[in-house]
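Okay, so here's the structure we're looking at.
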Amino acid sequence: MPGVTEMSLDHMFCSRCREGFVAHEKIVNSNGELWHPQCFVCAQCFRPFPDGIFYEFEGYKYCEHDFHVLFAPCCGKCGEFVIGRVIKAMNSNWHPQCFRCEECNGELADAGFIKCQGRALCHTCNARVKAGVLGKHICHQCHGVIDDKPLRFRGELYHPYHFNCTTCGIELNSEAREVRSRPGYAANEMNELYCLRCHDKMGIPICGACRRPIEERVVTALGKHWHVEHFVCAKCEKPFLGHRHYEKKGLAYCETHYHQLFGNLCFVCNQVISGDVFTALNKAWCVHHFACAFCDQKMNQKTKFFEFDLKPACKKCYDKFPQELKKRMRRMYDLNPKRIPPV
Amino acid sequence: MNQTAPVSCIPAGKMSKAKKVLDEAREIQNPELDLADKGIATFEEMPGLLNMINVTRLTLSHNKIQDQINNCFRLVAVPPGLANLVNLEILNLFNNCITELPISLSQMPKLRILNVGMNRLDVLPRGFGAFPVLEVLDLTYNNLSEKNLPGNFFMMETLRALYLADNDFEYLPPEIGQLKNLQILVLRENDLVELPKEIGELARLRELHIQGNRLTVLPPEIGNLDLVSNKAVFRMEFNPWVTPIGDQLQVGISHVMDYIRSETYRYVYNRHQSAKGPPPPIETDKSKKISRAR
Ligand SMILES: [Zn+2]
Ligand SMILES: [Zn+2]
Ligand SMILES: [Zn+2]
Ligand SMILES: [Zn+2]
Ligand SMILES: [Zn+2]
Ligand SMILES: [Zn+2]
Ligand SMILES: [Zn+2]
Ligand SMILES: [Zn+2]
Chain F
1 MPGVTEMSLD HMFCSRCREG FVAHEKIVNS NGELWHPQCF VCAQCFRPFP
51 DGIFYEFEGY KYCEHDFHVL FAPCCGKCGE FVIGRVIKAM NSNWHPQCFR
101 CEECNGELAD AGFIKCQGRA LCHTCNARVK AGVLGKHICH QCHGVIDDKP
151 LRFRGELYHP YHFNCTTCGI ELNSEAREVR SRPGYAANEM NELYCLRCHD
201 KMGIPICGAC RRPIEERVVT ALGKHWHVEH FVCAKCEKPF LGHRHYEKKG
251 LAYCETHYHQ LFGNLCFVCN QVISGDVFTA LNKAWCVHHF ACAFCDQKMN
301 QKTKFFEFDL KPACKKCYDK FPQELKKRMR RMYDLNPKRI PPV
Chain A
1 MNQTAPVSCI PAGKMSKAKK VLDEAREIQN PELDLADKGI ATFEEMPGLL
51 NMINVTRLTL SHNKIQDQIN NCFRLVAVPP GLANLVNLEI LNLFNNCITE
101 LPISLSQMPK LRILNVGMNR LDVLPRGFGA FPVLEVLDLT YNNLSEKNLP
151 GNFFMMETLR ALYLADNDFE YLPPEIGQLK NLQILVLREN DLVELPKEIG
201 ELARLRELHI QGNRLTVLPP EIGNLDLVSN KAVFRMEFNP WVTPIGDQLQ
251 VGISHVMDYI RSETYRYVYN RHQSAKGPPP PIETDKSKKI SRAR
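Protein sequence lines, in the order shown, are assigned to chains F and A.
Mapping of the first sequence onto UniProt numbering: residues 1 to 343, in sequence order.
Mapping of the second sequence onto UniProt numbering: residues 1 to 294, in sequence order.
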């Protein structure tokens, strides 16, 4: 604090107004500089310093208030002056404890930050936000965005290159297989990762649909293995769950859709026809069920039959039809030249 | 209508014909019984049949099965006990003289195909539509109409083919739309004066026979159906169609379908419906139908 003294007045003058001092006049002495008391004031507001406290900047002295107004920054968060360490970021000044990640509220002063669409974010949050926008995953280990295919391991997603094959030690790619460790395979009960080559040697079947190992029941069909719930109809995508399926050109179908797409359900048994098919009268029959609709006598390719409402009638049955009906049938046929004649 | 103990008076020769088939079937465990054209008049001629519960097909077409009426009793043509054959999948009674069916048939758990065509059915029993798995129902050539169908007739959701040709329908109930699995609907030579728009809801229909009726217009909803692909058949000749439909039909069914899908037709149809005249007369002579014989 500057002292106020009385001493020899020769060669002494006020630092502000450059005038001398008269005897018995009060002189302010601050670090060897002298002042008239009325001159020892704030360079901004010209008022005495409250409690004698002043701040000096580039040779000028200011009261606390004006010094802050003129030179000390306000915190962008709390609005208070920042004295001491100032964080200059995002075109603003901050108390270190006030500059925080706008996602997780973690302090950024020492961890560093990334400007993301006008917001200051920590590295982790930035990666997560960026990944969310791009529909990408975040590595559970390094928190970076996973640009290529992620590797799923023990329920989390990773950059594959953080891991090595349990057997051969090669750095893994996303093709790597997670295998539930079983007694004899691994010491603990945790899953382990293997490269594709080592995995194949272990003989664990891979699902033809999801490309993941099958640990439970295996369905073998179409020359591949499948998870029970992943072996599905190529049309409706419902799992067969042990129900009959039908194969065509390397694809499997449920009965309904096989029929819908490829026809050939037997008119009598309503089952997909696997062997020889009899097609006639807009219908199909299996070998067992191609028969006269009226007497159920079996017929074959050579059997002559008549058409009645698009049902096959053997000659014997047709002959038994009442005369009046046959007359009507004949009339309809005669009057309709487009009709294919009865066989 | 009491069914007192039947009095058998069947000629021995006849009995042996059907009995032989049954004996053979029992011997070789054949579950398919071919008893067509055996001159059978009553189930009495097939002793033990109703105990052969392994039977999956029973063919009795071209017989003379009919009610047995005496002074003191009436033995119905088809005994309710037929429903004992719980494994029966196919029952063919085509061309007999049956006037009534027992309601028990509709409880048969595996019956998929029932052919009662060419009989003398005037009515179906109440509750007839309860069949759990019936897929093909052939009622061709009987005396049925919308007036004597049981209330639950169109509850047979498993039906894929319904044959009603040569009957006496004037109107088809709109409940037909409930038969979602129907692929074949045959209404040839009835007395139909109009079709319900609900036919357009039968998305799987690939065979529709409506020839020989009294139809003048088609509900535009029929345009929703695929009846012109190479897997479909639509027969509609011999109806007194309004001129534009008749003209298109001269060219072909696909032209009719294109036409009834047009805005023009919608207008024609609406005008026709609002200015409805009397229905066209019945032209088919059905008096000689054997189903009418008494
Ligand atoms: Zn000041
Ligand atoms: Zn954060
Ligand atoms: Zn990583
Ligand atoms: Zn390896
Ligand atoms: Zn799978
Ligand atoms: Zn399917
Ligand atoms: Zn079949
Ligand atoms: Zn036949």
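Using N, Cα and C, we set each Cβ at its ideal position, and we do this for glycine too.
Residues of its chain near residue i, where Cβ-Cβ distance is below 7 Å and the 5 sequence neighbours each way are ignored
| i | result |
| --- | --- |
| Y60 of chain F | A43 |
| I53 of chain F | E64 |
| Y318 of chain F | F306 |
| G250 of chain F | L222 |
CB-CB length for residue i against residue j, believed under 8 Å
| i | j | result |
| --- | --- | --- |
| G208 of chain F | W226 of chain F | 5 Å |
| A111 of chain F | C122 of chain F | 6 Å |
| L218 of chain A | I245 of chain A | 7 Å |
| H143 of chain F | E156 of chain F | Between E156 of chain F and H143 of chain F the Cβ distance is about 12 Å, and since that is not below 8 Å, they are no contact. |
| L139 of chain A | Y163 of chain A | 6 Å |
Contacts around residue i, its chain only, beta-carbon distance under 6 Å, and the 5 residues preceding and following it disregarded
| i | result |
| --- | --- |
| L335 of chain F | none |
| F40 of chain F | V28 |
| K311 of chain F | A293 |
| E32 of chain A | R57 |
| S61 of chain A | A36, N92, F94 and N95 |
| C98 of chain F | C75, K77 and C78 |
| S291 of chain A | R120, Y141, N142 and N143 |
Residue from the options whose Cα sits closest to the Cα of residue i
| i | options | result |
| --- | --- | --- |
| C101 of chain F | F:E247, F:K77 and F:F54 | F:K77 |
| A161 of chain A | A:R112, A:N63 and A:E189 | A:R112 |
| K231 of chain A | F:V218, F:G242 and F:A280 | F:A280 |
| M90 of chain F | F:Q117, F:Y253 and F:F71 | F:Q117 |
| N282 of chain F | F:G275, F:K298 and F:F308 | F:F308 |
| K327 of chain F | A:R292, A:K286, A:L179 and A:R294 | A:K286 |
| A234 of chain F | F:K26, F:G32, F:H259 and F:E156 | F:H259 |
| A203 of chain A | A:V193, A:A18 and A:E221 | A:E221 |
| A109 of chain F | F:K320, F:V86 and F:T124 | F:V86 |
| C45 of chain F | F:F57, F:Y62 and F:H199 | F:Y62 |
| H257 of chain F | F:R244, F:V268 and F:F267 | F:R244 |
| R23 of chain F | F:F13, F:R217 and F:R212 | The amino acid occupying residue 23 of chain F in the given sequence is Ala; Arg does not appear at that position. Answer by Cα proximity: F:F13. |
| M46 of chain A | A:V21, A:I53, A:E157 and A:E89 | A:V21 |
| Y152 of chain F | F:R128, F:V129 and F:R177 | According to the sequence as given, residue 152 of chain F is Arg; it is not Tyr. If we check each option's Cα against that of R152 of chain F, F:R177 comes out closest. |
| C269 of chain F | F:F290, F:K249, F:L261 and F:L251 | F:F290 |
| P174 of chain A | A:N190, A:A165, A:L159 and A:F154 | A:F154 |
| K248 of chain F | F:L261, F:R212, F:G135 and F:R47 | F:L261 |
| M156 of chain A | A:M257, A:I199, A:V136 and A:D168 | A:V136 |
| R271 of chain A | A:E283, A:K38, A:F238 and A:V242 | A:V242 |
| M118 of chain A | F:Y158, F:R330 and F:E324 | F:E324 |
| R214 of chain A | A:T158, A:P196, A:F234 and A:N239 | A:N239 |
| T158 of chain A | A:L179, A:D168, A:F169 and A:M257 | A:L179 |
Continuous beta strand (DSSP E) stretch holding residue i: start and end
| i | result |
| --- | --- |
| H11 of chain F | Counting along the chain, H11 of chain F falls outside any beta strand (DSSP E), and DSSP gives it neither H nor E. |
| Y171 of chain A | Neither: Y171 of chain A is in no beta strand (DSSP E) and is coded neither H nor E. |
| S92 of chain F | S92 to W94 |
| D138 of chain A | V136 to D138 |
| D34 of chain A | E32 to D34 |
| residue 350 of chain F | Nothing can be reported for residue 350 of chain F, as the shown portion of chain F is limited to 1 through 343. |
| L261 of chain F | Looking at the DSSP string, L261 of chain F is not in any beta strand (DSSP E); the run it does join, the alpha helix (DSSP H), is E255 to F262. |
| T280 of chain F | One point to set straight first is that residue 280 of chain F is Ala, not Thr, in the sequence displayed. Its beta strand (DSSP E) spans residues V277 to A280. |
Alpha helix (DSSP H) segment containing residue i, residue limits
| i | result |
| --- | --- |
| R328 of chain F | Q323 to L335 |
| K77 of chain F | No alpha helix (DSSP H) holds K77 of chain F; DSSP gives it neither H nor E. |
| E263 of chain A | E263 to S274 |
| L108 of chain F | No alpha helix (DSSP H) holds L108 of chain F; DSSP gives it neither H nor E. |
| V256 of chain A | I253 to I260 |
| R197 of chain F | L196 to M202 |
| E64 of chain F | E64 to L70 |
| K315 of chain F | K315 to K320 |
Close-in-space but distant-in-sequence residues of the same chain around residue i (CB under 8 Å, 5 per side omitted)
| i | result |
| --- | --- |
| V123 of chain A | E100, L144 and N148 |
| R126 of chain A | I103, P150 and G151 |
| C295 of chain F | C314, K316 and C317 |
Report yes or no: do three or more beta-carbon pairs, one from the region 179 to 196 of chain A and one from the region 204 to 216 of chain A, lie closer than 8 Å? yes
Should the region 154 to 169 of chain F be called in touch with the region 192 to 202 of chain F, which here means at least 3 C-beta pairs below 8 Å? Judged by Cβ distances under 8 Å, the region 154 to 169 of chain F makes contact with the region 192 to 202 of chain F, as three or more pairs qualify.
Three Cβ pairs or more, each shorter than 8 Å: is that satisfied between the region 261 to 269 of chain A and the region 146 to 155 of chain A? no
Is the region 15 to 26 of chain A close to the region 80 to 95 of chain A, with three or more CB pairs under 8 Å? no
Assess contact between the region 102 to 110 of chain A and the region 129 to 142 of chain A, defined as three or more Cβ pairs (one per stretch) separated by less than 8 Å. Is contact present? yes
Do the region 250 to 260 of chain A and the region 271 to 280 of chain A touch if we need at least three Cβ pairs shorter than 8 Å? No, because fewer than three Cβ pairs between the region 250 to 260 of chain A and the region 271 to 280 of chain A fall closer than 8 Å, the two stretches do not touch.
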